[in-house]
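Number of protein chains: 2
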Amino acid sequence: MERPDVARRTQGRSAGLDRERIAATAVALVDRDGLERFGVRRLAEELGVDPMSIYHHIKGKAALLDAMSEAVLAEVAVTADDTSHGWEETARWTAHGYREMAYRHPRVFPLLATRAQTSPVALSALERLVTAMRKAGLPDQVVADAPLMLFGFLNGYLLAVLSGEPDGAGDLPAIDATAYPTMATLMPLQAGFGSLAEFDRMLGTVLDGIRHRAAQSGSP
Amino acid sequence: MERPDVARRTQGRSAGLDRERIAATAVALVDRDGLERFGVRRLAEELGVDPMSIYHHIKGKAALLDAMSEAVLAEVAVTADDTSHGWEETARWTAHGYREMAYRHPRVFPLLATRAQTSPVALSALERLVTAMRKAGLPDQVVADAPLMLFGFLNGYLLAVLSGEPDGAGDLPAIDATAYPTMATLMPLQAGFGSLAEFDRMLGTVLDGIRHRAAQSGSP
DNA sequence: CTTCCAAAATCTACGTCGTAGGTTTTCGCT
DNA sequence: AGCGAAAACCTACGACGTAGATTTTGGAAG
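Chains as they are written, first to last, in the numbering used here: chain A, 1 to 220; chain B, 221 to 440.
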């Protein structure tokens with residue numbers, strides 16, 4: 001049976017969708033419009049495609065969000081397997097790469113912090129870190145705790161810092177000086193909220209804690 | 221004009237809704253069914269009320285989520301204004317209370333970590349903490365950094381630990397030993413994932429870092 | 001070159017969601 | 001007794017996620 005060829009659309013194998021292109025477009029869409037407005041239908045429109053076409057490559061919205069997480073995580077540069085540096089440099093370098101990714105995709109980042117990461121990219125980064133720490137002779141328990149410790153802090157800190165909408169650093173919401181006098185006094189010192197200096201300071205404090213813990217315990 | 225009194229429902233001021241009861245019921249509903257299944261309509265059914273009635277007390281879904289955050293945050297015991305203890309005890313005590321709340325409402329907790337907290341309950345807890353630290357003579361910058369530092373870690377850590385569904389401690393997803401040999405070796409040491417002992421260990425490490433930083437800097 | 005088929009894309013349809021706007025009921029005051 | 005406002009309900013709309021059936025297509029087999 002012939003249908004009227006009015007508005008004949010391209011069908012079949014012509015649109016050239018694949019998991020990678022879908023995820024990349026989805027990330028761009030969330031970067032632009034935010035997670036709240038994101039949806040399968042809007043993504044389909046952005047791709048110039050029927051909503052259901054997406055389901056041939058990704059099995060549902062949850063899987064779509066996973067694919068987006070994986071995509072942004074893969075951006076964290078894996079330039080070198082720098083096995084030559086100390087554990088602190090490895091940790092710092094990993095943390096900075098992670099932070100930069102978060103600032104590049106502030107509206108996607110909540111997905112990463114919320115969803116458990118089991119992709120190879122994530123695991124190999126952790127493997128590099130723990131290997132470096134072990135090589136440096138840190139006690140096993142300290143090494144074993146490090147990933148959860150470090151990424152716990154990174155996720156929580158970045159989530160807080162990026163939660164103010166605009167493009168990166170949010171603003172602190174102006175404290176009532178009479179109700180909270182001490183906090184009000186400290187306000188000036190929080191001027192660099194979201195700044196690289198602040199990040200380095202706090203990251204340094206976490207690493208200090210780990211080093212201190214390692215020194216307290218016995219050798220491996 | 222008289223309408224047929226078939227299925228006459230109670231209307232007017234009889235249902236006894238208020239912000240508090242709505243929030244409490246919403247929290248219970250999310251505790252039971254999860255955030256994904258939560259919605260205004262389901263909440264209304266739970267309350268035995270028309271969906272739109274809720275909007276007379278809370279102006280939209282976003283505000284509803286805020287109200288839930290506030291409700292669970294208020295649970296964190298404020299039993300005593302214990303101004304008599306040192307800053308480390310105050311920090312530890314606050315952190316433990318926060319953790320207990322998170323374990324009581326693991327499916328609500330992501331809301332807290334994601335949304336900026338500006339409610340009086342949150343601010344007064346922070347005020348207590350920074351006041352204690354300042355009294356102990358810690359440098360201002362260290363004190364100013366402490367809230368973001370501590371709650372950054374707490375939010376990120378708890379988010380990770382609670383993301384496995386059941387009731388509290390999730391399971392780690394079984395590492396591929398050949399691809400990630402060092403991590404595989406350390407697996408046994410991560411047995412207590414989500415345990416109180418693990419939490420205390422990591423919290424202690426963060427506080428160590430803060431203490432170390434304070435010692436490095438000059439006096440206030 | 002033709003035929004056929006599985007993969008890829010579309011179309012249709014259903015139930016659910018958040019909420020705008022309008023209507024009715026009820027309670028506390030006069 | 002009766003009025004006004006607050007609180008509840010009803011209706012309706014557009015958008016969402018996705019199940020299931022249908023159509024198109026590119027490439028492999030003959």
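Idealized CB from N, CA, C, for every residue including glycine.
Where residue i meets chain A, residues with beta-carbon distance less than 7 Å
| i | result |
| --- | --- |
| Asp365 (chain B) | Arg201, Met202 |
| Glu347 (chain B) | Tyr180, Thr182, Met183 |
| Arg354 (chain B) | Thr182 |
Cβ neighbours of residue i in the same chain (closer than 7 Å, five flanking residues each side left out)
| i | result |
| --- | --- |
| Gly412 (chain B) | Glu418 |
| Ala322 (chain B) | Phe329, Leu378, Leu382 |
| Gly34 (chain A) | Arg107 |
| Gln410 (chain B) | Leu392 |
| Glu46 (chain A) | Thr25, Leu29 |
| Asp145 (chain A) | none |
| Arg354 (chain B) | Val363 |
| Glu308 (chain B) | Leu427 |
| Ile58 (chain A) | Arg19, Ile22, Leu64, Ala67 |
| Lys443 (chain B) | Outside the shown range of chain B, which is 221 to 440, sits residue 443 (chain B), and nothing can be said about it. |
| Gln11 (chain A) | none |
| Val49 (chain A) | Ala15, Leu17 |
| Tyr318 (chain B) | Val296, Leu374 |
Contacts around residue i, its chain only, beta-carbon distance under 8 Å, and the 5 residues preceding and following it disregarded
| i | result |
| --- | --- |
| His305 (chain B) | Trp313, Ala352 |
| His224 (chain A) | Nothing about residue 224 (chain A) can be read from this structure; chain A reaches only from 1 to 220. |
| Ala215 (chain A) | none |
| Val426 (chain B) | Met369, Leu370, Phe373 |
| Ala342 (chain B) | Leu293 |
| Met288 (chain B) | Ala243, Ala246, Val247, Val250, Val328, Leu331 |
| His56 (chain A) | Leu17 |
| Ser234 (chain B) | none |
| Ile175 (chain A) | Met183, Ala184, Met187 |
| Ile473 (chain B) | Past the edges of chain B, shown from 221 to 440, lies residue 473 (chain B), and the structure says nothing about it. |
| Glu240 (chain B) | Ala291 |
| Val350 (chain B) | Val363, Ala364, Ala366, Pro367 |
Own chain residues within Cβ distance below 6 Å of residue i, not counting five before or after
| i | result |
| --- | --- |
| Gly168 (chain A) | A caution first: Gly168 (chain A) carries a pLDDT of 49, below 50, which makes its placement in the model unreliable, though a value can still be read off. Excluding residues within five positions, the ones whose Cβ falls inside 6 Å are Tyr103. |
| Ser217 (chain A) | Pro139 |
| Arg261 (chain B) | Pro271 |
| Leu126 (chain A) | Pro147 |
| Glu362 (chain B) | Going by the sequence as given, residue 362 (chain B) is Val instead of Glu. These residues qualify, in order along the chain: Arg433, Ala434. |
| Leu203 (chain A) | Ala95 |
| Ile430 (chain B) | none |
| Ala113 (chain A) | Asn155, Leu159 |
Contact list for residue i against chain B, beta-carbon separation under 8 Å
| i | result |
| --- | --- |
| Gly156 (chain A) | Ala333, Phe371, Gly372, Phe373, Leu374, Asn375, Gly376, Tyr377, Leu379 |
| His212 (chain A) | Thr425, Asp428, Gly429, His432 |
| Thr118 (chain A) | Pro393 |
| Leu162 (chain A) | Simply none; closest approach about 10 Å. |
Neighbouring residues, chain B, relative to residue i (Cβ below 9 Å)
| i | result |
| --- | --- |
| Val206 (chain A) | Met369, Phe373, Thr425, Val426, Gly429 |
| Arg107 (chain A) | Here the premise fails: no neighbours, minimum Cβ distance about 12 Å. |
Interface residues of chain B facing residue i [CB-CB closer than 7 Å]
| i | result |
| --- | --- |
| Asp140 (chain A) | Leu406, Leu409 |
| Arg130 (chain A) | It is worth fixing the name first, because residue 130 (chain A) is Val in this sequence and not Arg. The contacting residues are Thr402, Met403, Leu406. |
Partner residues on chain A for residue i, Cβ-Cβ distance less than 9 Å
| i | result |
| --- | --- |
| Thr245 (chain B) | By Cβ distance, chain A contributes nothing, its closest Cβ being about 24 Å from Thr245 (chain B), past 9 Å. |
| Leu343 (chain B) | Ile175, Asp176, Ala179, Tyr180, Met183 |
message: Restricting to runs no shorter than 4 residues, where is the alpha helix (DSSP H) found entirely within the stretch 337-366 of chain B?
response: 340-355
query: In chain order, which alpha helix (DSSP H) runs of at least 4 residues are fully inside the stretch 153-200 of chain A?
result: 181-186
message: Quick check on the DSSP output: what are the complete alpha helix (DSSP H) runs of length 4 or more inside the stretch 222-271 of chain B, in order along the chain?
response: 239-253, 260-267
task: Please name the residues in the stretch 58-88 of chain A whose beta-carbon is closer than 7 Å to at least one beta-carbon of chain B, in chain order.
output: none
message: Closer than 8 Å between beta carbons: that is the criterion. Which residues of the stretch 266-277 of chain B meet it against chain A?
response: none
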